[in-house]
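A.B. asks:
Numbering (full-length UniProt numbering), first residue to last: 1 to 367.
Spelled out as structure tokens, the structure:
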């Protein structure tokens, strides 16, 4: 990709953001999930129970106590300053992730701009969610040049949100035992810190089963649950065993991709699978679509027609479009994607990706 094409992509992306900001200026200063993180951190500092009810209005804190400790410093900044810094951090980490996935130069710039219009990313930025931070932590461990601290990022990400634990299993099945042990060690130490600083909250979360209740997040059978468990719950079917089997299938295909030397495809598949096989997945949990777009874009630029077609399909499903759908009580969500029309759109996309990845194992390794 040349510089002129990259400038065109950036220009269109920025113009789109300008239009949305002009139409819904107040909505983009709310960052309601960031406010929940901030309130959760303040609850720990003030010794108020984390899981007794909502920490902000009726919105609960659904992460482990260690996450609340991490979020506690967010209260040190005035919220307008924090909101701006958090958004800039998110965009900056997007650039880091795209670079770790192998893009550089004009292609990197174009893909970062494009990524801000992928619905999971767009919604993450709008809500002030932590997903991009977790994506960057895991990508730092999996992609790019190996380093001695591999596993630390995955351990920290899992200590904040449990779904990255699937990457520990991925490290184990690919025989990266030291990295898996490091990740588990960091995860356990973080949990111990939580018990030390917030013992009552830690007992409630870990020993009284709060962590195992997907209902603490929202209605598992509701349309907001984009995971396989949501699809099955809406159909009145059991979801635990099928979700576990899906996770095993993901690990099997990812391990085979790793053995062929395709670490980007393998790690991306596990990332998407961590949302698909989770008990509950909001649409913004699917930020692993970013490495998928980078993977396909790099191959498309190299002249692969199948990759170009695949990229078009992924963008068709995941690009945000501007609308004014009913949102939570705190306000409307001014941009969303295909999941607003079909709650299982991302799951369907993932199953296609999983199938294509499995089928690719029959062909010679991609060079």
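Glycine residues also receive a C-beta, built at the ideal position from the N, C-alpha and C atoms. Nothing here was measured: the structure is a model prediction, and the numbers come from that model.
Name the two residues that bound the continuous alpha helix (DSSP H) containing residue 344.
C.D. replies: Counting along the chain, residue 344 falls outside any alpha helix (DSSP H), and DSSP gives it neither H nor E.
A.B. asks: Residues in its own chain within less than 8 Å of residue 220 by CB, not counting five upstream and five downstream?
C.D. replies: Cβ within range, chain order: 214, 229, 230, 233, 239, 279 and 280.
A.B. asks: Please check the pair residue 39 and residue 56, which I expect to be a contact at CB under 8 Å, by giving their CB distance rounded to whole angstroms.
C.D. replies: 4 Å
A.B. asks: Just to confirm the assignment: which complete alpha helix (DSSP H) runs, minimum length 4, are found wholly within the segment 193-264?
C.D. replies: 199-202, 228-234 and 240-259
A.B. asks: Under a three-way DSSP split, which group does residue 61 fall into?
C.D. replies: If DSSP states are grouped into helix, strand and coil, residue 61 belongs with coil.
A.B. asks: I need the straight-line Cα distance from residue 340 to residue 98, nearest angstrom please.
C.D. replies: Going from the Cα of residue 340 to the Cα of residue 98 covers about 26 Å.
A.B. asks: Cα separation between residue 146 and residue 266?
C.D. replies: 15 Å
A.B. asks: Taking all protein chains shown into account, do 16 or more other C-beta atoms lie within 10 angstroms of the C-beta of residue 54, making it buried, or fewer, making it exposed?
C.D. replies: Flag for residue 54 reads exposed.
A.B. asks: Measuring only the C-alpha atoms, how far is residue 352 from residue 358?
C.D. replies: 10 Å
A.B. asks: By the three-class DSSP mapping on this structure, what secondary structure does residue 321 have?
C.D. replies: strand
A.B. asks: Below 8 Å on the Cβ atoms is my contact criterion, and I expect residue 179 with residue 150 to pass it. Report the Cβ-Cβ distance as a whole number of Å.
C.D. replies: 4 Å
A.B. asks: Give me the DSSP bridge partner(s) of residue 118.
C.D. replies: 319
A.B. asks: Let's test the definition: count the other Cβ atoms within 10 Å of the Cβ of residue 104 and tell me whether it reaches 16, buried, or not, exposed.
C.D. replies: Exposed is the call here.
A.B. asks: Between residue 346 and residue 317, what straight-line distance do the alpha-carbon atoms span, to the nearest angstrom?
C.D. replies: 7 Å
A.B. asks: Hey, is the segment 162-180 in contact with the segment 305-312, meaning 3+ C-beta pairs nearer than 8 Å?
C.D. replies: No: the two stretches stay apart, fewer than three of their Cβ pairs being nearer than 8 Å.
A.B. asks: Going by the CB atoms, is the gap between residue 289 and residue 127 shorter than 7 Å?
C.D. replies: Annotated as distal: residue 127 and residue 289, with beta-carbon spacing of 7 Å or more.
A.B. asks: Using a Cβ-Cβ cutoff of less than 6 Å, which residues in the same chain neighbour residue 257 once the five nearest sequence positions on both sides are dropped?
C.D. replies: Setting aside the 5 residues that flank it on each side, residue 257 is surrounded in the same chain by 265 and 266, each with a C-beta closer than 6 Å to its C-beta; the list follows chain order.
A.B. asks: In this structure, how does DSSP classify residue 162 when only helix, strand and coil are distinguished?
C.D. replies: coil
A.B. asks: What do you reckon, are the CB atoms on residue 156 and residue 186 nearer than 7 Å?
C.D. replies: Yes, these two residues count as a Cβ contact at 7 Å.
A.B. asks: With a threshold of 16 other CB atoms inside 10 Å of the CB of residue 182, please say whether the residue is buried or exposed.
C.D. replies: buried
A.B. asks: Quick one: residues in its chain with C-beta nearer than 6 Å to the C-beta of residue 158, no 5 flanking neighbours on either side, listed in chain order?
C.D. replies: These residues qualify, in order along the chain: 164, 165 and 187.
A.B. asks: Quick one: Cα of residue 350 to Cα of residue 46, how far?
C.D. replies: 42 Å
A.B. asks: Where does residue 77 sit, in a helix, a strand or coil, going by DSSP?
C.D. replies: coil
A.B. asks: Just to confirm my understanding: we take residue 33, look at its own chain, exclude 5 residues before and 5 after, and list those with CB closer than 7 Å. What are they?
C.D. replies: 127, 128 and 129
A.B. asks: Compute the Euclidean distance between the alpha carbons of residue 50 and residue 209, then round it to the nearest angstrom.
C.D. replies: 14 Å
A.B. asks: Which partner residues of residue 56 appear in the DSSP bridge assignment?
C.D. replies: Note: residue 56 sits in a beta bridge opposite 59.
A.B. asks: Can you give me the Cβ contacts of residue 139 inside the same chain, cut-off strictly under 6 Å, excluding the 5 residues immediately before and after it?
C.D. replies: 97 and 100
A.B. asks: Would you identify the three-state DSSP class for residue 284, choosing helix, strand or coil?
C.D. replies: Looking at residue 284 - three-state DSSP - the assignment turns out to be helix.
A.B. asks: If you draw a straight line from the C-alpha of residue 59 to the C-alpha of residue 52, how long is it?
C.D. replies: 11 Å
A.B. asks: Measure from the alpha carbon of residue 68 to the alpha carbon of each residue in 89, 286, 42 and 81, then state which is nearest.
C.D. replies: For the residues 89, 286, 42 and 81, the minimum Cα distance to residue 68 belongs to 42.
A.B. asks: In or out: residue 226 buried (at least 16 other Cβ within 10 Å) or exposed?
C.D. replies: buried
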